[in-house]
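If you read the sequence shown in the numbering used here, its first letter stands for residue 15, the second for the next number, and so on. All C-beta atoms in this analysis are idealised placements derived from N, C-alpha and C, irrespective of residue type, glycine included. Predicted model, so just to flag it, every value in this text is computed and none were measured.
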Amino acid sequence: MSPVATAEVVAGWFVPGKGKDEVAGVWRGVVLAGLAWVSGTAVAGAAEQVDLDMVARIRQEAFARSQVAASLKELTETIGPRLTNSPAYARSTAWARTRLQGYGLANVHEEVYDPAFGRGWEYRASRVELLSPRAMPVHAAPKAWTPGTGGPVEGEVVKATLKDREDLEKQKGKLRGKIVLLDDVRPYKPSDKPGFRRHSDEDLGELRTFPVPEDAEPDAHDKRVEAYRKRQAFERELNAFLEQEGALATLSVSSRDNGILRVTGGGSRKAGEPVGVTALVVAAEHYNQLVRAVDRGQDVRLRIDVDAGFTSEEDLPATNVFADLPGSGKAGEVVLIGAHLDSWHTGTGASDNGAGVVVMMEAMRILKAVGARPKRTIRLALWGGEEQGLHGSSGYVARHLADWPEPTDPEQKALPRAYQRGTGPLQRRRDYERFAAYFNFDNGTGRIRGIYAQENHAAVPIFKAWLEPFNDLDAEIVSTRNTGSTDHIPFDRVGLPGFQFVQDPADYFAHVHHTHLDTYDHVVPDDLKQAAAIIASFAWHAATREERFPRKPFRDRDE
Ligand SMILES: [Zn+2]
């Protein structure tokens, strides 16, 4: 045997000294995890209890009576995309609450994480037609939080670089009534990679290793903050400029090929800030034609009709949705599972992150359906504002778990929470000590192949044991690496265990992420069934294990 950690299942383990019915009414399985074999002898390796009876119940419920596909169809095709604070987002929170109440969960409610997150905005229709030098329909969609055209408008297409203050000076007085191409031609890059793929053994092998990080630049954080601040300030200036100059619309090239529109936000969601003019993202193959025609000196004219716009004058409060499976014995301690309910607006937010939402709701449904009675409370969180910077999860952490004291410096105050330097050390709230762990699912539809341990080495043998009964479903690796960019980060940042699963790439980054193709058809329901089973089991084990889930050493940034 190789001298690496292994896991071995001893199924049907009977806990001595207790009647069958006293041990949660079941025979228990025990997975002996983290056994290191040195010279043929097993050393270390405390047994992590794995409840194989519960695993079997969970798997049966997840695979025989799954509701993930039905839920996802409703969420994505009846409700549609769910931009934070849009009318559809409000419909989705109501839908989720009704469904979660129907599962018999407790404490189903919405909670405000930001009393003035921003204005509502909605995208209803858009039509872009080339009128000259020839007729052609142009494939385009507007950026969120930019104004519509208020009916069809026509104008000449011009090219202008608007990247800094000097550019604005140069273009002063030239853009009235014009439709402005902001980008140059983006040449087509044929791809020899498959659009949809699973992790190969090679990929997984690489994820098992930990690359020693390079020395961080001491002022890396300050540089990032400064770049962010500059970008924000210029965006405001550019929006005001476009309004004042009376440009009709701006066009940008999509960052994906093959007709895919990848569209996020523009303008401003904040009441009172300049929102600029109608801003469209155009399919690269169409955009490039426009640029080449302008470069040839042809008279290029478009008709644009964008029915989209703000649904409120004022900044609205933004909410997360919660539901509990209450614990007994350690009910004050919480295991949290979650995903983000908000999405961008051109697809239907199916992979990002409808998939995660229905997986997490399904995990709660399964636990309720199998009669799970956890010691700790298992809580579901459906976050808002993820796409604008993890706002819903950050707000929850700050309010209920831990936060740095508010900065007093107004410049600091204006920054998003992730960039702020609080004044003084982390303030831990009462529930900080009682928090167990958070599990997140937000890398598209891809099935779970394992989990990132975020350098929490004490978590590694536990995860290995918990994954063991799912090895036959392709879930097995525990990567010590960190992964970022989604809602486990605010937990990790304050020293609490927060995790995201290793998922198959599927077609997430190739075709779907933030694009108009993020629809139900690109989701693999069997992958979501697998994920729901694993997450239900993880939540159960985190909620029933004797000891609180281990934490990695935390060093406050102000210490
Ligand atoms: Zn996402």
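In the structure shown, the three-state DSSP call for residue 274 is coil. Residue 349: member of the beta strand (DSSP E) spanning 344-354, first to last residue. Using a 10 angstroms sphere on the CB of residue 312, the tally of other CB atoms stays under 16, which defines it as exposed. The C-beta distance from residue 530 to residue 274 rounds to 7 angstroms, short enough to fall under 8 angstroms.
Here the alpha carbons of residue 159 and residue 282 stand approximately 6 angstroms from one another. Taking residue 333 as reference, the option from 82, 69, 457, 122 with the minimal CA-CA separation is 122.
Residue pairing by DSSP places residue 397 opposite 354 in a beta bridge. Here the C-alpha atom of residue 72 lies approximately 58 angstroms from the C-alpha atom of residue 261. In the DSSP assignment, residue 537 falls outside any alpha helix (DSSP H) and carries neither an H nor an E. For residue 418, the closest of 399, 439, 266 by C-alpha to C-alpha distance is 439. Across the structure, residue 320 and residue 458 are spaced so that their CA atoms are roughly 29 angstroms apart. In its chain, beyond the 5 residues on either side, 290, 291 have a beta carbon closer than 6 angstroms to the beta carbon of residue 256. If you ignore the 5 residues before and after residue 280, its C-beta comes within less than 6 angstroms of the C-beta of 157, 160, 293, all in its own chain and listed in chain order. For residue 107, the enclosing alpha helix (DSSP H) begins and ends at 101-116. When 130, 271, 296, 172 are compared, the shortest CA-CA separation from residue 142 is found for 296. Annotated three-state conformation of residue 246 is helix, per DSSP. The beta carbons of residue 387 and residue 342 sit closer together than 8 angstroms.
According to DSSP, residue 529 shares a beta bridge with 276. Going by DSSP, residue 192 is part of no alpha helix (DSSP H) but of the beta strand (DSSP E) stretching over 192-195. Collapsing the DSSP output to three states places residue 285 in coil. Under the three-pair Cβ rule at 8 angstroms, the stretch 162-173 does not count as touching the stretch 359-371.
According to the DSSP assignment, residue 405 belongs to the alpha helix (DSSP H) that extends over 405-414. For residue 322, the closest alpha carbon among the candidates 136, 147, 441 is that of 136. Closest in C-alpha terms to residue 559, from the list 250, 225, 344, 224, comes 344.
The beta carbon of residue 264 is closer than 6 angstroms to those of 194, 196, 293 in its chain, skipping five residues each way along the sequence. Going by DSSP, residue 480 is part of the alpha helix (DSSP H) stretching over 473-481. For the stretch 422-480, the full-length alpha helix (DSSP H) segments reaching 4 residues or more read 424-427, 444-447 along the chain. If you draw a straight line from the Cα of residue 92 to the Cα of residue 105, it is about 10 angstroms long.
Rounded to whole angstroms, the gap between the alpha carbons of residue 76 and residue 149 is 52 angstroms.
Between residue 219 and the set 350, 490, 544, the nearest pair of CA atoms involves 490.
Leaving aside the five residues that flank residue 205 on each side, none in its chain has a CB nearer than 7 angstroms to its CB.
By the beta-carbon neighbour count (other beta carbons within 10 angstroms, threshold 16), residue 405 is buried. The beta carbon of residue 267 is closer than 7 angstroms to those of 197, 200, 296, 298, 301 in its chain, skipping five residues each way along the sequence. Annotation for residue 204: no beta strand (DSSP E) segment contains it, and DSSP assigns it neither H nor E.
Ranked by Cα distance from residue 145, the first of 250, 456, 353, 314 is 314. With 16 or more neighbouring CB atoms inside 10 Å of its own CB, residue 551 falls in the buried class.
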